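First residue of the sequence shown: 10, per the working numbering; consecutive thereafter.
We treat Cβ as the ideally placed atom computed from N, Cα and C, and that holds for glycine.
Here the structure is a predicted model, which means the values were calculated and not measured.
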Amino acid sequence: MGTKQVSAEYLSTGANRQTSVADWSASGLLAFGADANIALWRPTLCPPRGIENLLSGHKETVKAVLFLPEDTRDDASYIVSGSDDKTLILWKSDQERRHFEAIQTSSEHTGPVNCVSSVRIAGPPANWIIATGAADATLKIWSFENDQLQLLQSIKTTPKFFPLAISLSIIDGDVLILAAAGTRETVQILTADLMASTIDFSVQATLHGHEGWVRSLSFTRESNSKNGDLLLASASQDKYIRIWRVHQGTELPALVASGSDPLSGAFLPGKSPSNKAHRLRAAGKDFSVTFEALLLGHEDWIYSARWHTHVDSKLQLLSSSADNSLAIWEADPTSGIWVSTARLGEISREKGATTATGSTGGFWTGLWSSDGKAVACLGRTGSWRRWDYNSDADNWKPCVAITGHTKAVTGVAWSKSGDYLLSTSSDQTSRLHAKWTATNSGTWHEMSRPQIHGYDLNCIDSLGDTQFVSGADEKLMRVFSEPKAVATLLKQLAGLDNKNVHNMPDAANMPVLGLSNKAIDTVDDDQEIQPIDDRDREAMDPASIVKKSYLEIDHPPFEETLSRHTLWPEAEKLYGHGYEISCLAASHDGKLVASACKASSTNHAVIRLFETERWTEIRPPLVAHSLTATRLRFSSDDQYLLSVGRDRQWAVFERHTSEDAMYTLLQSNPKGHSRMILDAAWAPCKPPLFATAGRDKQVRLWSSTASEDGKLHFSQSAAFPCSGPVTAVDFLPVDVNGSFVLAVGTEAGKISICLLNADGTNITKLQPQAGLSLSKTVLQLAWRPIKRADASTTCTLAVAGADSSLRLFSFDESYLRAN
Numbered sequence: 010m011g012t013k014q015v016s017a018e019y020l021s022t023g024a025n026r027q028t029s030v031a032d033w034s035a036s037g038l039l040a041f042g043a044d045a046n047i048a049l050w051r052p053t054l055c056p057p058r059g060i061e062n063l064l065s066g067h068k069e070t071v072k073a074v075l076f077l078p079e080d081t082r083d084d085a086s087y088i089v090s091g092s093d094d095k096t097l098i099l100w101k102s103d104q105e106r107r108h109f110e111a112i113q114t115s116s117e118h119t120g121p122v123n124c125v126s127s128v129r130i131a132g133p134p135a136n137w138i139i140a141t142g143a144a145d146a147t148l149k150i151w152s153f154e155n156d157q158l159q160l161l162q163s164i165k166t167t168p169k170f171f172p173l174a175i176s177l178s179i180i181d182g183d184v185l186i187l188a189a190a191g192t193r194e195t196v197q198i199l200t201a202d203l204m205a206s207t208i209d210f211s212v213q214a215t216l217h218g219h220e221g222w223v224r225s226l227s228f229t230r231e232s233n234s235k236n237g238d239l240l241l242a243s244a245s246q247d248k249y250i251r252i253w254r255v256h257q258g259t260e261l262p263a264l265v266a267s268g269s270d271p272l273s274g275a276f277l278p279g280k281s282p283s284n285k286a287h288r289l290r291a292a293g294k295d296f297s298v299t300f301e302a303l304l305l306g307h308e309d310w311i312y313s314a315r316w317h318t319h320v321d322s323k324l325q326l327l328s329s330s331a332d333n334s335l336a337i338w339e340a341d342p343t344s345g346i347w348v349s350t351a352r353l354g355e356i357s358r359e360k361g362a363t364t365a366t367g368s369t370g371g372f373w374t375g376l377w378s379s380d381g382k383a384v385a386c387l388g389r390t391g392s393w394r395r396w397d398y399n400s401d402a403d404n405w406k407p408c409v410a411i412t413g414h415t416k417a418v419t420g421v422a423w424s425k426s427g428d429y430l431l432s433t434s435s436d437q438t439s440r441l442h443a444k445w446t447a448t449n450s451g452t453w454h455e456m457s458r459p460q461i462h463g464y465d466l467n468c469i470d471s472l473g474d475t476q477f478v479s480g481a482d483e484k485l486m487r488v489f490s491e492p493k494a495v496a497t498l499l500k501q502l503a504g505l506d507n508k509n510v511h512n513m514p515d516a517a518n519m520p521v522l523g524l525s526n527k528a529i530d531t532v533d534d535d536q537e538i539q540p541i542d543d544r545d546r547e548a549m550d551p552a553s554i555v556k557k558s559y560l561e562i563d564h565p566p567f568e569e570t571l572s573r574h575t576l577w578p579e580a581e582k583l584y585g586h587g588y589e590i591s592c593l594a595a596s597h598d599g600k601l602v603a604s605a606c607k608a609s610s611t612n613h614a615v616i617r618l619f620e621t622e623r624w625t626e627i628r629p630p631l632v633a634h635s636l637t638a639t640r641l642r643f644s645s646d647d648q649y650l651l652s653v654g655r656d657r658q659w660a661v662f663e664r665h666t667s668e669d670a671m672y673t674l675l676q677s678n679p680k681g682h683s684r685m686i687l688d689a690a691w692a693p694c695k696p697p698l699f700a701t702a703g704r705d706k707q708v709r710l711w712s713s714t715a716s717e718d719g720k721l722h723f724s725q726s727a728a729f730p731c732s733g734p735v736t737a738v739d740f741l742p743v744d745v746n747g748s749f750v751l752a753v754g755t756e757a758g759k760i761s762i763c764l765l766n767a768d769g770t771n772i773t774k775l776q777p778q779a780g781l782s783l784s785k786t787v788l789q790l791a792w793r794p795i796k797r798a799d800a801s802t803t804c805t806l807a808v809a810g811a812d813s814s815l816r817l818f819s820f821d822e823s824y825l826r827a828n
């Protein structure tokens, strides 16, 4: 990220749920689409490090990602990506393959790009043919040479379908073969002559047999010989995989010629397998496509099937399905029958089809590492799972992978001590992130998923080190307390010791028909689990029972543990608002919660205060705004409460401990900005000083002076124009050399760091740093709490993005002092 004065300490984001969304390169780099970004991750690094970079270039969801096969003569590697924004982007990397740059954007498609496939053709310079399929019901063929993509052919699908899967290969050295399928039950085979003056694909055969949309296609060569047959695997929503053989010559392959049954008698009810041979002719040569085998074993839609050829020429097929399993298939050496040799993922009886936590919703894509000794797959929650093959024990061992939010990250909050970070999102989850200190790597990971909800979550704040409060698209707030199981886990992995662990409930889970997490006791591993009765409102899903052994682990929890066994029990509900909660804040001493809801009138735009000892509302509510309040902030000594809103005004309330009302309006400014105010923050100083951020592209600073009666009065001391609407601001909680550090985030995703002098009259913008930007709006900024006594040389900023990313940036104090 340029100089090491600023570095990305942690990048977290979930993958998009698409079959073609990821690819794993020969050099061990896995790239996947995450919202509008492409995330780069090295799964087999030890110790695990998580996402190392996020590439932004697309405007909408990335659906297809493909590495162009690397070559030892190349000093660069390429990625081709397709998105809902109808564009293809070609990326080129530096030699370390960490930083990729977009070198070409093509807008030839008129619909979202769903899939991409490539094949290398001989001849210097390195040259590829690439095929893309999009929701404009076309396939497009491209050549790639000299860092340039060139459109060779556009093919309308007839009969019309939207391509969801394509695979490209070469037979007999000079015939290109393309399989395409999607929103029909058939697979089309197209061929083109590579030696002709122009590449011109034409449909040669239509393969029938599937009874649902085809989600994935994969070609492979059966043997290393140049004239060997090709095998095509097609995976469908009909729960079956079909394998087809492409054979050269007019003679049919032995199996078909002898009339043997490729199903080995496994007929589907009422179906007879079509074993018709399809004849192709391309470049003056004859070929046939015949049905080879039907693979049965998955219980739900199959999303992907990918071949891997091992060094000893052994062929394996990896399939992923909505039944929460990955299967590895290979042909029996004696009978030639395809059998499943390994099954990874979740066993049916534990599936838990009824709860938010139980139903993980299937695996969307499965990938092989280049040596075939590791596999990775992507689940419905946007998280990755990974297994390594242990040849001594002949089994597959689960490994630490990565997780992340799959929709906009709407709120972030540090625990009061700064030991861990809480994030909340429109994907209806709250997550806890902490540093894994048990290894020397010191890398950040998701350690707990305290809340899995039925509503989009909008805001979060911590009430101490073991409690937090969150607000969602419902009229109430929920308070959660840390359970013993998670406290023990955080002690083991992150060194966070909690003295109060004896008073905590063991764990939590969610009733089948409820939204509230209930405290439960953990059970011993040999304890019998009762069957579930769906009619019982209090019934617990057996899959979410927490056994003691689940969290006695020496590594960050895997996705199935996070999504089921790290919930926090709900301690309280706070009622009073009439509409969806828009913002909340907890006082620094943890004794108060202030909140506001979406509003179009003064009646609903009130700020409600709740005390946390008995969880009662302090009345009357605070009145100042006429429209939704967008942000609430307590000053560092809790003496003042600041609110800003869509009605363009800010208001400051002052604390009076002797009075019942506790806070009373000190001052409001109905014309604080010329457009709605989106965020505000207090500087760590006395007399008080705060910043407001607005849609009018301004950051304004308001400093205070004491009037004759001792009351404070705030007036604008400086303003700072930005390139676009300002959506987030936050002050570093300590001063640096007498200056205040303000982080500013904009609607366009830019983050800048500014220094303020002590009286707030002068603002200096620091030298911008590469990498300090998101592909979408910055929704919230939060500096990690620093205690003056142990002020370290690095300051950490948490960034919540509308692009589903959560990022932690570390700033060297020399950068903050240097200006």
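Query	Result
Buried/exposed call for residue 26, threshold 16 Cβ in 10 Å	buried
C-alpha distance - residue 213 paired with residue 495, whole-angstrom precision	59 Å
Span separating the alpha-carbon of residue 674 from that of residue 650	9 Å
Span of the beta strand (DSSP E), counted from its first residue to its last, around residue 476	476-481
Residue 846 in three-state terms, based on DSSP	Since the first and last residues shown for the chain are 10 and 828, residue 846 lies out of range.
Residue 361, buried or exposed, once every other Cβ within 10 Å from all chains shown has been counted against 16	Any reading at residue 361 needs caution, since the residue's pLDDT is 41, under 50, leaving its predicted position unreliable; the model's value is listed next. When all chains shown are included, residue 361 counts as buried.
Cβ contact check for the segment 780-793 and the segment 382-391: 3 or more pairs under 8 Å	no
Element boundaries [alpha helix (DSSP H), containing residue 68]	Counting along the chain, residue 68 falls outside any alpha helix (DSSP H), and DSSP gives it neither H nor E.
Span separating the alpha-carbon of residue 201 from that of residue 395	38 Å
Option in 590, 174, 726 with minimal Cα separation from residue 613	590
Collapsed DSSP secondary structure at residue 28 in the structure displayed	coil
Inter-residue spacing [alpha-carbon to alpha-carbon] between residue 803 and residue 821	5 Å
Reference residue 16, options 793, 778, 65, 722, closest by Cα	778
Host alpha helix (DSSP H) of residue 574 (start-end)	568-574
Residues near residue 247 in its chain [Cβ-Cβ closer than 6 Å; skip 5 each side]	219, 220, 221
Closest Cα partner of residue 469 within the set 332, 441, 328	441
For residue 467 and residue 640, the rounded distance between their alpha carbons	11 Å
Backbone CA spacing between residue 500 and residue 660 [nearest angstrom]	41 Å
Residue 497 - containing alpha helix (DSSP H), residue span	493-503
Where residue 574 falls, given that 16 or more other Cβ within 10 Å makes a residue buried	buried
Spatially closest choice to residue 663 from 655, 647, 656, by CA coordinates	647
Alpha helix (DSSP H) segment containing residue 642, residue limits	Not the alpha helix (DSSP H): residue 642 falls in the beta strand (DSSP E), residues 638-643.
Which of helix, strand or coil DSSP assigns to residue 511	helix
Whole-angstrom distance between residue 525 and residue 227, CA atom to CA atom	44 Å
Cβ shell of residue 235 (< 8 Å), same chain only, five flanking positions each side left out	181, 182
Alpha-carbon spacing of residue 634 relative to residue 616, whole angstroms	9 Å
Cβ neighbours of residue 488 in the same chain (closer than 6 Å, five flanking residues each side left out)	478, 580, 581
Supposed contact pair residue 484 and residue 514 - C-beta distance, whole angstroms, cut 8 Å	Going by Cβ atoms, the distance from residue 514 to residue 484 rounds to 26 Å, so no, they are not a contact pair.
Residue 244 classed as buried or exposed, judged by whether at least 16 other C-beta atoms fall within 10 angstroms	buried
Residue 465 versus 757, 432, 100, 453, residue with shortest Cα-Cα distance	432
Contact set for residue 286: own chain, Cβ-Cβ below 8 Å, skip 5 residues either direction	261, 265, 297, 298, 299
Collapsed DSSP secondary structure at residue 485 in the structure displayed	coil
Three-way DSSP call (helix, strand, coil) for residue 824 in this model	helix
For residue 263, three-class secondary structure by DSSP	helix
Assumed close pair residue 22, residue 454 - CB separation to whole angstroms, cut-off 8 Å	About 14 Å; that fails the 8 Å criterion.
With 16 other Cβ atoms within 10 Å as the buried cut-off, status of residue 367	Its pLDDT being 40, under 50, residue 367 is placed unreliably in this model, and the coordinates cannot settle the point.
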